[in-house]
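Engineer: Below is the structure I would like to discuss, written out as structure tokens.
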Amino acid sequence: MEWEFNGYYTLIAATLVLLLGKWLVSKIRFLRDFNIPEPVAGGLIAAVILFALHQMYGVSFKFEKPLQDAFMLIFFTSIGLSADFSRLRAGGFPLVLFTVIVSAFILIQNAVGAGLASVLGLDPLIGLMTGSITLTGGHGTAGAWGPIFEKEHGVVGATGLGMAAATFGLVFGGLIGGPVARRLINRQNRKPVAQAAADNDVSDSSTNDVFEKAGRTRLITADSAIETLAMFAASIAFGQIMDMVDAEYFPSYLNLPKFVWCLFGGVILRNILTLVFKMNMFDRAIDVFGNASLSLFLAMALLNLKLWELAGLAGPVTVILLAQVVVMMLYATFVTYIAMGRDYDAAVLSAGHCGFGLGATPTAVANMQSVTNTFGSSHKAFLIVPLVGAFFVDIINALILSGFVNFLK
Numbered sequence: 001m002e003w004e005f006n007g008y009y010t011l012i013a014a015t016l017v018l019l020l021g022k023w024l025v026s027k028i029r030f031l032r033d034f035n036i037p038e039p040v041a042g043g044l045i046a047a048v049i050l051f052a053l054h055q056m057y058g059v060s061f062k063f064e065k066p067l068q069d070a071f072m073l074i075f076f077t078s079i080g081l082s083a084d085f086s087r088l089r090a091g092g093f094p095l096v097l098f099t100v101i102v103s104a105f106i107l108i109q110n111a112v113g114a115g116l117a118s119v120l121g122l123d124p125l126i127g128l129m130t131g132s133i134t135l136t137g138g139h140g141t142a143g144a145w146g147p148i149f150e151k152e153h154g155v156v157g158a159t160g161l162g163m164a165a166a167t168f169g170l171v172f173g174g175l176i177g178g179p180v181a182r183r184l185i186n187r188q189n190r191k192p193v194a195q196a197a198a199d200n201d202v203s204d205s206s207t208n209d210v211f212e213k214a215g216r217t218r219l220i221t222a223d224s225a226i227e228t229l230a231m232f233a234a235s236i237a238f239g240q241i242m243d244m245v246d247a248e249y250f251p252s253y254l255n256l257p258k259f260v261w262c263l264f265g266g267v268i269l270r271n272i273l274t275l276v277f278k279m280n281m282f283d284r285a286i287d288v289f290g291n292a293s294l295s296l297f298l299a300m301a302l303l304n305l306k307l308w309e310l311a312g313l314a315g316p317v318t319v320i321l322l323a324q325v326v327v328m329m330l331y332a333t334f335v336t337y338i339a340m341g342r343d344y345d346a347a348v349l350s351a352g353h354c355g356f357g358l359g360a361t362p363t364a365v366a367n368m369q370s371v372t373n374t375f376g377s378s379h380k381a382f383l384i385v386p387l388v389g390a391f392f393v394d395i396i397n398a399l400i401l402s403g404f405v406n407f408l409k
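Just so it is clear: in the sequence shown, position 157 is 157 by full-length UniProt numbering, and no numbers are missing.
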């Protein structure tokens with residue numbers, strides 16, 4: 001028996017998950033010490049409850065997926081609307097270096113997946129489904145490549161496996177980012193800072209510290225909210241149109257997910273309005289809508305987590321996924337952190353890399369927010385990770401994956 005929840009009830013359930021997560025983090029020291037994001041904390045408890053109900057009574061729950069997708073598009077659009085060209089230039093060499101580090105990890109992730117699959121007697125293409133397709137790529141990339149593997153390469157159940165693996169990565173990406181960063185920060189003897197007063201200060205000026213201080217109170221008028229929503233709508237409409245053009249004229253293995261086109265739309269609109277029309281952007285409203293959408297997206301993603309599907313994964317696939325978690329932790333600690341400078345910013349960048357290296361850019365941002373809420377701001381990390389995780393990584397991943405598929409088939 002399956003219970004379906006429409007958009008209204010899905011939204012209610014997601015907000016309850018967020019409130020539960022906030023309460024758990026406030027009461028359980030372990031969650032605070034290891035910087036577990038509130039949506040992940042509440043969402044995992046909800047997933048366990050739903051799993052217990054399924055095992056005992058055979059009931060499953062279906063929450064409206066389009067609403068989750070809509071919040072994901074809003075979040076990525078908010079990144080685009082916040083990324084003016086001056087900030088891209090400000091990224092400079094660290095932005096290029098981090099992109100190279102991420103690209104190298106995609107190669108390693110696919111090599112580990114395909115290699116372990118071969119050793120364990122599986123089709124190496126299944127290794128790619130437990131590599132960058134689902135982990136760095138996430139649910140969108142898994143949904144795009146799954147049917148291709150099934151129809152063109154005969155990998156039975158590739159789409160279902162991809163969805164389960166992407167969900168596994170989303171959860172573990174949120175679980176390991178905080179602890180990895182915490183361990184690195186402890187080496188620096190950096191003490192937690194009291195940010196509550198600063199975050200609760202009312203700010204009437206626009207800020208480029210997008211998503212960095214999610215708890216800060218912003219002054220938003222009805223006019224600024226409406227104008228900002230119009231910009232979101234225009235960017236998402238652009239993304240929808242380009243997604244159809246992409247599907248029609250681009251090779252299937254080079255199709256970009258719709259959220260990437262929405263991000264492009266936000267970047268284009270932002271810079272046309274600021275550079276051509278000299279318009280002041282309502283960064284306060286963009287920040288609020290983006291942060292709220294991030295939290296709701298993660299909560300809904302975890303509500304849709306079917307633990308019985310993960311429990312039903314074949315043993316070899318589970319071994320590969322667990323190995324990928326270990327590889328991600330080691331790479332973030334010994335490559336990302338060291339190459340980016342061994343400082344506090346490098347530790348926050350490592351947390352972000354864990355987030356989108358296993359899960360998705362929203363998870364990366366949530367990881368970094370959790371760390372910076374405790375140890376202080378990291379402007380460098382919040383400039384670089386959203387741009388690389390949501391902007392460059394999908395293009396790079398598509399190119400690398402096409403090479404691996406052509407090599408393995």
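Built from N, CA and C at the ideal position, the CB exists for glycine as well.
Residues in the same chain with beta-carbon distance under 6 Å from leucine 296, minus the five sequence neighbours each way, listed in chain order, please.
Structural biologist: Excluding positions up to five away in sequence, the list reads Ala14 and Phe71.
Engineer: Expressed to the nearest angstrom, what Euclidean distance is found between the alpha-carbon atoms of glycine 121 and isoleucine 320?
Structural biologist: Roughly 12 Å between the two C-alpha positions.
Engineer: Starting from phenylalanine 61, follow its DSSP beta bridges and name the residues at the other end.
Structural biologist: BP columns for phenylalanine 61 point to Trp3.
Engineer: Rounded to whole angstroms, what is the Cα-Cα separation between leucine 298 and leucine 184?
Structural biologist: Distance between the alpha carbons of leucine 298 and leucine 184 is about 25 Å.
Engineer: Do you know offhand how far leucine 107's Cα is from glycine 359's?
Structural biologist: Approximately 16 Å between the Cα atoms of the pair.
Engineer: Is it the case that the Cβ atoms of residue 450 and threonine 130 are separated by a distance below 8 Å?
Structural biologist: Summary: the structure shown does not reach residue 450, with the chain confined to residues 1 through 409, and so no result is reported for it.
Engineer: Does the segment 392–400 come close enough to the segment 167–179 that 3 or more CB-CB pairs lie under 8 Å?
Structural biologist: No contact exists between the segment 167–179 and the segment 392–400.
Engineer: Leucine 125 and phenylalanine 149: beta carbons closer than 8 Å?
Structural biologist: Going by C-beta atoms, leucine 125 is nearer than 8 Å to phenylalanine 149.
Engineer: Given a threshold of 16 other Cβ atoms within 10 Å of its Cβ, counted over all protein chains shown, does serine 378 qualify as buried or as exposed?
Structural biologist: Its Cβ being crowded by 16 or more others within 10 Å, serine 378 is buried.
Engineer: Using the beta-carbon count (16 or more within 10 Å), is glutamine 55 buried or exposed?
Structural biologist: Glutamine 55 should be labelled exposed.
Engineer: Below 8 Å on the Cβ atoms is my guess for valine 385 versus valine 365; work out the distance and round it to an integer in Å.
Structural biologist: At roughly 7 Å, the Cβ-Cβ gap stays under 8 Å, so valine 385 and valine 365 are in contact.
Engineer: Which term fits proline 147, buried or exposed, when burial requires 16 or more other beta carbons within 10 angstroms of its beta carbon?
Structural biologist: By the neighbour-count rule (16 or more Cβ atoms within 10 Å), proline 147 is not buried but exposed.
Engineer: If you follow the alpha helix (DSSP H) that aspartate 394 is in, where does it begin and where does it stop?
Structural biologist: Note, aspartate 394: alpha helix (DSSP H), 393–408.
Engineer: Are the Cβ atoms of alanine 332 and cysteine 354 separated by less than 8 Å?
Structural biologist: Yes.
Engineer: Please report the residue range of the alpha helix (DSSP H) in which asparagine 186 lies.
Structural biologist: Looking at the DSSP string, the run of the alpha helix (DSSP H) that includes asparagine 186 is 158–187.
Engineer: Tell me the residue span of the alpha helix (DSSP H) that contains proline 316.
Structural biologist: That run of the alpha helix (DSSP H) goes 315–331.
Engineer: Is isoleucine 220 helix, strand or coil when you go by DSSP?
Structural biologist: If DSSP states are grouped into helix, strand and coil, isoleucine 220 belongs with coil.
Engineer: Alanine 292 lies in the alpha helix (DSSP H); which residues open and close that run?
Structural biologist: Looking at the DSSP string, the run of the alpha helix (DSSP H) that includes alanine 292 is 283–303.
Engineer: Return yes when the Cβ of asparagine 110 is within less than 8 Å of the Cβ of serine 132, no when it is not.
Structural biologist: It is a contact, given that the beta carbons lie within the stated cut-off.
Engineer: Hey, would you say phenylalanine 356 sits closer than 8 Å to proline 192, going by beta carbons?
Structural biologist: Not closer than 8 Å, so no.
Engineer: Can the beta-carbon of isoleucine 74 be found closer than 8 Å to that of serine 293?
Structural biologist: It is a contact, given that the beta carbons lie within the stated cut-off.
Engineer: Is the beta carbon of leucine 307 sitting closer than 8 Å to the one on phenylalanine 61?
Structural biologist: Not a contact, by the Cβ cut-off of 8 Å.
Engineer: Just verifying my parser: in three-state terms, what is the DSSP assignment at phenylalanine 259?
Structural biologist: Correct three-state label for phenylalanine 259: helix.
Engineer: If you measure between the beta carbons of glycine 43 and leucine 302, is that distance less than 8 Å?
Structural biologist: Yes, the Cβ-Cβ distance between glycine 43 and leucine 302 is below 8 Å.
Engineer: For alanine 230 and glycine 138, I'd like the C-alpha separation in whole angstroms.
Structural biologist: Going from the Cα of alanine 230 to the Cα of glycine 138 covers about 28 Å.
Engineer: How many Å lie between glutamate 64 and arginine 342 at the Cα?
Structural biologist: Each residue's Cα considered, the two are about 43 Å apart.
Engineer: Go ahead and label serine 82 buried or exposed: buried means 16 or more other beta carbons lie within 10 angstroms of its beta carbon, across all protein chains shown.
Structural biologist: Flag for serine 82 reads buried.
Engineer: Taking the beta carbon of leucine 330 as the centre, do at least 16 other beta carbons fall within 10 Å, making it buried, or is it exposed?
Structural biologist: Exposed, by the Cβ-count rule.
Engineer: My output table needs one value for asparagine 110: the three-state DSSP class, helix, strand or coil.
Structural biologist: Here asparagine 110 sits in helix by DSSP.
Engineer: Which residues mark the beginning and the end of the alpha helix (DSSP H) in which isoleucine 384 is found?
Structural biologist: Per DSSP, isoleucine 384 belongs to the alpha helix (DSSP H) from 379–387.
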